[in-house]
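K.L.:
Below are the structure tokens for one structure; questions will follow.
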Amino acid sequence: MKHNISAGELQKFCTNLLKGTGVPDEDANLVADVLVDTSLDGIDTHGVSRLPVYLTRLQSGRINAGPDIKATSTAPAVAVLDGDNGLGQLVAVRAMDKSIELAREAGVGVVPVRHSNHFGAATYYCKMAAAAGMIGMAFTNSPAGIPPWGGRKPYFGTNPVSFGFPTADNPVVVDMSSSNVARGNIILAAKEGRPIPEGWAIDADGKPTTDAQKALAGAVLPLGGPKGYALALAVEMLSGVVSGAAFGHHVGWIYDDSPEPTDIGHFFIAINISPLMPTPEYMDRVEQLKTEIRSVPLAEGFNSILLPGERKQMKASERAREGVPVGAALLQELNDIAVSLGVNPLTVRTEI
22 MKHNISAGEL QKFCTNLLKG TGVPDEDANL VADVLVDTSL DGIDTHGVSR LPVYLTRLQS
82 GRINAGPDIK ATSTAPAVAV LDGDNGLGQL VAVRAMDKSI ELAREAGVGV VPVRHSNHFG
142 AATYYCKMAA AAGMIGMAFT NSPAGIPPWG GRKPYFGTNP VSFGFPTADN PVVVDMSSSN
202 VARGNIILAA KEGRPIPEGW AIDADGKPTT DAQKALAGAV LPLGGPKGYA LALAVEMLSG
262 VVSGAAFGHH VGWIYDDSPE PTDIGHFFIA INISPLMPTP EYMDRVEQLK TEIRSVPLAE
322 GFNSILLPGE RKQMKASERA REGVPVGAAL LQELNDIAVS LGVNPLTVRT EI
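Read left to right, the sequence shown gives residues 22 to 373 (this note's numbering).
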């Protein structure tokens, strides 16, 4: 059973929960906005479903509720950002803001990030750049989840890559993990007691499995075999090695009981279009590209061709009207935490 909750009501509730753990008001509202926007897009594995573990780690001090986030400029177009073990969403927004600021001045802004945490879905940060009229790129490493090609033990995270391109209306956003599936899908399946499809993961012995719990003890398979391995390695180089953050199996996992910071690393790039070509010319060329893509004859079984990001945009419009579906178990978990924090629980009436 799930409940439909309006985006505004859900954001207010998430904000209050974060504030209840000591997160400053403005920061709490920003993080809640990222979480709810992600859930609106239909990326349920990386949205509000992640809030319980964030709250638990904030309460224990494993995540810093009031970080002193600092960006140090090291070149005209480069700044290195230290997240001070803050919430990943907060750190990532600050980093992309800095990338955009640098790109306005230098044409491009590059910001590697160290000492951060899980930042959710990369889509949000690329949409930030696109809203500023820029091309955005976002990368992050994550706890060991996929093996190097030929191995059976995880070393790399599912290490997503994301690109955002401004258009005359909604941005084109490419957001994908370097594994067959984002690990969040397996975490959610394990939490809900569901099996996972074949081809997603292997167990601790390196054998294919459809058991989500065994998959979490094993490894997620790389996207396209050796190609996904190579992509994960590239993201690890940028987000882990170059940033000065942890890399490979040194990256902490927020779901274990370790008191140590996860030290996740990110890497952000913003590119100002106007030094490359006049913005109106860029927009005309993008619209031509979109039109020509959509005019390609359809393959059997398809009734339209969608651009990357369009499915999320349609889902966001639907959920803005009908509410964000939140599972009963997740809502109960959040309400239990609310009571412990002295925050008013969320009462809902609509069930689906």
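Cβ atoms here follow ideal geometry from the backbone N, Cα and C, with glycine treated the same way.
Could you check the C-alpha separation between Ile275 and Val194 for me, to the nearest Å?
P.N.:
For the purposes of this step, residue 275 is identified with residue 254 of the sequence shown, where counting begins at 1. For the purposes of this step, residue 194 is identified with residue 173 of the sequence shown, where counting begins at 1. Computed Cα separation, rounded: 27 Å.
K.L.:
Taking only runs of the beta strand (DSSP E) that begin and end inside the segment 139-215, which ones reach a length of at least 3 residues, in chain order?
P.N.:
155-161, 182-186, 193-197
K.L.:
Return the chain-ordered ranges of every beta strand (DSSP E) run that is complete within the segment 214-299 and spans a minimum of 3 residues.
P.N.:
285-293
K.L.:
Could you name the residues of the same chain whose beta carbon sits closer than 7 Å to that of Trp170, not counting the 5 residues immediately before and after it, in chain order?
P.N.:
As a first step, residue 170 must be located in the sequence shown, where it is residue number 149. Hits under 7 Å: Pro243, Gly246, Pro247, Tyr250.
K.L.:
Please determine, among Lys212, Ala124, Gly178, the residue with the shortest C-alpha to C-alpha distance to Ala96.
P.N.:
By 1-based counting over the sequence shown, the position of residue 96 is 75. The shortest C-alpha to C-alpha distance from Ala96 to any of Lys212, Ala124, Gly178 is the one to Ala124.
K.L.:
Hey, how far is the Cα of Thr3 from the Cα of Ala142?
P.N.:
Beyond the ends of the chain as shown, which are 22 and 373, falls residue 3; an answer cannot be given.
K.L.:
Are the CB atoms of Met298 and Ala189 within a distance shorter than 8 Å?
P.N.:
Sequence index remark: in the sequence shown, residue 189 carries index 168 (1-based). Sequence index remark: in the sequence shown, residue 298 carries index 277 (1-based). Not in contact: Ala189 and Met298 (Cβ atoms no closer than 8 Å).
K.L.:
Apart from the five residues just before and just after Gly29, which ones in its own chain have a Cβ nearer than 8 Å to its Cβ?
P.N.:
Translated into the one-based positions of the sequence shown, residue 29 becomes position 8. Closer than 8 Å at the Cβ level, and outside the excluded window around Gly29, lies no residue.
K.L.:
What residue range does the beta strand (DSSP E) around Asp94 cover?
P.N.:
Locating residue 94 in the sequence shown gives position 73, counting from the first residue. As written in the sequence, residue 94 is Ser, which differs from the Asp given in the question. 91-96 is the extent of the beta strand (DSSP E) around Ser94.
K.L.:
Along the chain, where does the alpha helix (DSSP H) that runs through Gly109 open and close?
P.N.:
Sequence index remark: in the sequence shown, residue 109 carries index 88 (1-based). Per DSSP, the unbroken alpha helix (DSSP H) holding Gly109 starts and ends at 109-127.
K.L.:
With respect to the alpha helix (DSSP H) encompassing Asn85, which residues constitute its N-terminal and C-terminal limits?
P.N.:
Here residue 85 corresponds to residue number 64 of the sequence shown, with the count starting at 1. Element bounds for Asn85: n/a, residue is neither H nor E.
K.L.:
Take the Cβ of Gly239 as the centre, count every other Cβ of all protein chains shown within 10 Å, and call the residue buried at 16 or more, exposed below.
P.N.:
Position 218 of the sequence shown holds residue 239. That one is buried.
K.L.:
Taking buried to mean at least 16 other C-beta atoms within 10 Å of its own C-beta, is Lys91 buried or exposed?
P.N.:
Along the sequence shown, read from residue 1 onward, the residue named residue 91 stands at position 70. Counting C-beta atoms within 10 angstroms of its own C-beta, Lys91 has fewer than 16 neighbours from the protein chains shown and is therefore classed as exposed.
K.L.:
If we call anything under 8 Å between Cβ atoms a contact, is Met197 one with Phe289?
P.N.:
Counted from its first residue, the sequence shown places residue 197 at position 176. Counted from its first residue, the sequence shown places residue 289 at position 268. If you check the CB distance, Met197 and Phe289 do not come in under 8 Å.
K.L.:
If we count the other Cβ atoms within 10 Å of its Cβ and call it buried at 16 or more, is Leu237 buried or exposed?
P.N.:
Against the sequence shown, residue 237 aligns to sequence position 216. A buried status is given to Leu237, since no fewer than 16 other beta-carbon atoms sit within 10 Å of its beta-carbon.
K.L.:
Taking 7 Å as the limit between beta carbons, can you name the residues of its chain near Ile358, skipping five residues before and five after?
P.N.:
The residue you call residue 358 lines up with position 337 of the sequence shown. Correct list, in chain order: Leu38, Pro73, Leu76.
K.L.:
Just to check my reading of the structure: Glu281 and Gly269 have Cβ atoms closer than 8 Å, yes? What is that Cβ distance to the nearest angstrom?
P.N.:
The residue labelled residue 281 in the question sits at position 260 within the sequence shown. The residue labelled residue 269 in the question sits at position 248 within the sequence shown. Under the criterion of beta carbons closer than 8 Å, Glu281 and Gly269 do not qualify as touching, at roughly 15 Å.
K.L.:
Quick check on this structure: which residue in Ser60, Leu51, Gly265 has the alpha carbon closest to the alpha carbon of Val347?
P.N.:
Here residue 347 is taken as the residue at index 326 of the sequence shown, counted from 1. The option with the nearest alpha carbon to Val347 is Ser60.
K.L.:
Taking only the alpha-carbon atoms, compute the straight-line gap between Arg342 and Gly63 and give it to the nearest angstrom.
P.N.:
Reading the sequence shown from its first residue, position 321 is the one you call residue 342. Reading the sequence shown from its first residue, position 42 is the one you call residue 63. Distance between the alpha carbons of Arg342 and Gly63 is about 13 Å.
K.L.:
Mind listing, in chain order, the continuous alpha helix (DSSP H) runs of no fewer than 4 residues lying wholly within the segment 40-67?
P.N.:
46-61
K.L.:
From Phe186 to Ile207, what distance separates their C-alpha atoms?
P.N.:
Position 165 of the sequence shown, counting from 1, holds the residue named residue 186. Position 186 of the sequence shown, counting from 1, holds the residue named residue 207. Straight-line Cα distance between these residues: approximately 29 Å.
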